[in-house]
Amino acid sequence: MQENKKLYLELVKEIEKHNELYFNKYDPEVSDYVYDQLVKQVESIEKRHPEWIHRDGPTLRVGESVTKGFVSVKHEHPMLSLGNTYSKDQVRDFIKRVKKELEVDQVDFCAEYKIDGVAISLVYEEGRLVRAVTRGNGRVGDDVTENIKTIKALPLHIQSEYVPSKFEIRGEVYLPIKRFEKLNQERFDQGQALFANPRNAAAGSLKLKDKHAVEKREIELICYALITKEKNIEKQSSAHALIKRLGFPTGGKNAFAVCSSEEEIFKYIESVEKQRYSLAFEIDGVVVKVNAFKWQDILGSSAKSPKWAVAYKYAALQAETKILDITVQIGRTGRVTPVAILEPTLLAGSVISRSTLHNIEEIERKDIRIGDTVIIEKGGDVIPKVREVVLSKREGSERQFFMPEHCPVCGSLLEKKEGEVATMCINRKTCAASGERKISFFVSKGAMDIDSLGSEIIRRLLSLGIISSYSDLYRLKKEDLEDLEGFGEKSITNLLNNIEKSKAVTLARFIFALGIPGVGKTTAEAISENIAGIDDLIAFDEIDFLENIYGIGSKVKESVKAYFQDKDHVDEVKSLLILGVKPHQQELRKLVHSFNDKVFVITGTLEGYSRSEAAELIKERGGKTTSSVSKNTDYLLCGEDPGSKLAKAHKLGVEVMSGKQFTSLL
Numbered sequence: 001m002q003e004n005k006k007l008y009l010e011l012v013k014e015i016e017k018h019n020e021l022y023f024n025k026y027d028p029e030v031s032d033y034v035y036d037q038l039v040k041q042v043e044s045i046e047k048r049h050p051e052w053i054h055r056d057g058p059t060l061r062v063g064e065s066v067t068k069g070f071v072s073v074k075h076e077h078p079m080l081s082l083g084n085t086y087s088k089d090q091v092r093d094f095i096k097r098v099k100k101e102l103e104v105d106q107v108d109f110c111a112e113y114k115i116d117g118v119a120i121s122l123v124y125e126e127g128r129l130v131r132a133v134t135r136g137n138g139r140v141g142d143d144v145t146e147n148i149k150t151i152k153a154l155p156l157h158i159q160s161e162y163v164p165s166k167f168e169i170r171g172e173v174y175l176p177i178k179r180f181e182k183l184n185q186e187r188f189d190q191g192q193a194l195f196a197n198p199r200n201a202a203a204g205s206l207k208l209k210d211k212h213a214v215e216k217r218e219i220e221l222i223c224y225a226l227i228t229k230e231k232n233i234e235k236q237s238s239a240h241a242l243i244k245r246l247g248f249p250t251g252g253k254n255a256f257a258v259c260s261s262e263e264e265i266f267k268y269i270e271s272v273e274k275q276r277y278s279l280a281f282e283i284d285g286v287v288v289k290v291n292a293f294k295w296q297d298i299l300g301s302s303a304k305s306p307k308w309a310v311a312y313k314y315a316a317l318q319a320e321t322k323i324l325d326i327t328v329q330i331g332r333t334g335r336v337t338p339v340a341i342l343e344p345t346l347l348a349g350s351v352i353s354r355s356t357l358h359n360i361e362e363i364e365r366k367d368i369r370i371g372d373t374v375i376i377e378k379g380g381d382v383i384p385k386v387r388e389v390v391l392s393k394r395e396g397s398e399r400q401f402f403m404p405e406h407c408p409v410c411g412s413l414l415e416k417k418e419g420e421v422a423t424m425c426i427n428r429k430t431c432a433a434s435g436e437r438k439i440s441f442f443v444s445k446g447a448m449d450i451d452s453l454g455s456e457i458i459r460r461l462l463s464l465g466i467i468s469s470y471s472d473l474y475r476l477k478k479e480d481l482e483d484l485e486g487f488g489e490k491s492i493t494n495l496l497n498n499i500e501k502s503k504a505v506t507l508a509r510f511i512f513a514l515g516i517p518g519v520g521k522t523t524a525e526a527i528s529e530n531i532a533g534i535d536d537l538i539a540f541d542e543i544d545f546l547e548n549i550y551g552i553g554s555k556v557k558e559s560v561k562a563y564f565q566d567k568d569h570v571d572e573v574k575s576l577l578i579l580g581v582k583p584h585q586q587e588l589r590k591l592v593h594s595f596n597d598k599v600f601v602i603t604g605t606l607e608g609y610s611r612s613e614a615a616e617l618i619k620e621r622g623g624k625t626t627s628s629v630s631k632n633t634d635y636l637l638c639g640e641d642p643g644s645k646l647a648k649a650h651k652l653g654v655e656v657m658s659g660k661q662f663t664s665l666l
């Protein structure tokens, strides 16, 4: 049982890592298919062990988070994510379950394009757009109203007899495929990192802080849902018709179809798959919804997704190509990753010329050689990978790849420790390749958020010896930049101002920016919530506070410890502080309430709330929640079928609060 729980926690951690890469960094590492299988594995374990489910676990929340620099807004109606499948049998199971729960033999469904974009909520009052909010975590999102107004097809003021006084439109922001290809070519020409796909480009564009920069990206929108209490709209198909009548972009005449049978649903799915590459935007499947709203209400939703809809996603796409060469690239942590240079091949509307091979063990396991003909695959239509070698086309002239002994950038030895998969450059502190990536990561939006400091500028500053560390950025002066080509007075002033602004940073973002191996955004936030300030980390030897923080395993703990036991790292952190960087705890606006500073533990099934909803209500009122009962716990919020926490609460004299008592105190 213990081994199973360890596996479960490792899977949860892996999903959280990929959520961070996909939703917040717009730089996915695995395909949609691989990610979906990880989630399904966790859901399967949780069915057998519901006591392991954590209130902040990935199966109870949407992966996206709110972003620094944008106002956070609570959704009037939660924006849930969809359950998805790659199996037609599971679509059949969904149809059977719906009919069984509704106790009917006939149900009409509305099948729609599944746009591969960024979910958005548009709120209108008296015909005017008043607010545009991203999905965020499903309950709170980012206010991107000014950026969304750059979409030319979006009506900002509607004058029609059909307009409710207040209504909400749901849609997907996307980047047209041709515009995406042009944007990536521009970024390539400028030496900037390329977007993985149109979805990531749209997400990144929507979160730009300069409205004019957003306008240049030319993002677009497709709308698919309307929420209002005023109009007598009874069906999803009727909502589609009204959305179109009000002047919103809807994706064309085949964007949805009402289906009265399983056969009609699959016929629509197949017709959309045939036409998907002729569309101006990317779709990755079809959403099947119960058409009647009254039946949607009966079926309801789980904490994460509606029970009246399912997304059928198209299978991974494949193509045959040839490996021309295998090179290596050095990451910010010094990790050495082999990369296949491919004969350019068209796949899912994009020309693929490179694919990561992950590590030497992957190459050996698949017996991949230079010159091999291989099958490449875009699982979930995102990142190409080498699926397998076509052994029947091997001619004998193919060459084995051997990992170099020395770093191709700095010449230092490469090492691979026993029991570990990764090959590392031992000179990761000063290697130019890892140095560039470290500093690029340090200044990125999720970290110190220094605008105007792209990878090309960082590369130039490093090569000229102007900077060699994070702290050198805060030592930059006007005269250091005046003689550099492309730097005018205005751009120098902007850069220095942005560096100065970055000094006021939350503790969580500062910890994240340091690039400690294994410490992602979520882990950094968890650490920051359990320390008074950065000095606690610098004095790590005296303070062992990581033991009981949820989601932080022994490897991460050792990684943090090793980082702050390294004198060079500590000196660098101290230099940043001396130069004026001031990491501070994030201030949460709290209601004045009796829950202020009270510590809650939640157990059992609560009536009217999921555990995550109850935890959010506690947090909004100034309280805290933890996963285990201790002498520091003020209340055990207890629902039906409580676990061992109830006995422990009685033993420690912790006050037990019922669901009704909790509701009365809100």
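Residue 302 in the numbering used here sits at position 302 of the sequence shown, and the numbers go up by one each step. Cβ coordinates follow ideal geometry from the N, Cα and C atoms, glycine included.
Under a Cβ-count criterion, where at least 16 other Cβ atoms within 10 Å of its own Cβ denotes burial, should residue i be classed as buried or exposed?
i	result
histidine 240	buried
isoleucine 326	buried
alanine 255	buried
tyrosine 277	exposed
glycine 486	exposed
valine 71	exposed
leucine 156	exposed
glutamate 20	buried
glycine 435	buried
lysine 651	exposed
asparagine 4	exposed
histidine 18	buried
isoleucine 578	exposed
threonine 605	exposed
valine 390	exposed
phenylalanine 402	exposed
leucine 208	buried
Rounding to the nearest angstrom, what Cα-Cα distance links residue i and residue j in this structure?
i	j	result
lysine 555	alanine 422	15 Å
tryptophan 308	glycine 285	17 Å
valine 592	lysine 598	No answer about valine 592 holds up, because its pLDDT of 48 lies below 50 and its placement is not dependable.
glycine 396	isoleucine 368	13 Å
glycine 127	isoleucine 323	56 Å
arginine 131	valine 73	9 Å
glutamate 672	lysine 438	Nothing about residue 672 can be read from this structure; the chain reaches only from 1 to 666.
Per DSSP, what kind of secondary structure is residue i in: helix, strand or coil?
i	result
asparagine 84	strand
serine 434	helix
serine 664	helix
glutamate 479	helix
threonine 321	strand
lysine 253	coil
glutamine 400	strand
glycine 454	coil
serine 575	helix
glutamine 159	coil
lysine 631	coil
aspartate 472	helix
tyrosine 314	coil
threonine 506	strand
isoleucine 467	coil
alanine 203	helix
alanine 649	helix
histidine 406	strand
Using CA atoms only, rank isn't needed, just tell me which of the options is closest to residue i.
i	options	result
lysine 42	Val12, Phe281, Leu537	Note on identity: in this sequence residue 42 is valine, with lysine being the wrong assignment. Checked all of Val12, Phe281, Leu537; the closest Cα to valine 42 is Val12.
aspartate 449	Tyr470, Ser528, Ser559, Asp297	Tyr470
asparagine 137	Glu126, Met79, Leu154, Val163	Met79
serine 528	Phe512, Pro517, Ala539, Gly518	Phe512
lysine 366	Pro404, Glu172, Glu388	Glu388
alanine 562	Pro583, Leu208, Asn200, Leu537	Leu537
serine 81	Ala119, Phe94, Ala202	Ala119
histidine 49	Tyr8, Arg459, Asp89	Tyr8
leucine 507	Asp571, Glu500, Pro583, Phe564	Pro583
serine 644	Lys567, Ile177, Asp634, Val629	Val629
In this structure, what does DSSP give as the bridge partners for residue i?
i	result
alanine 132	Leu122
threonine 522	Paired residues: none, contrary to the question.
arginine 354	Ile341
serine 658	Cys638
phenylalanine 167	Tyr124
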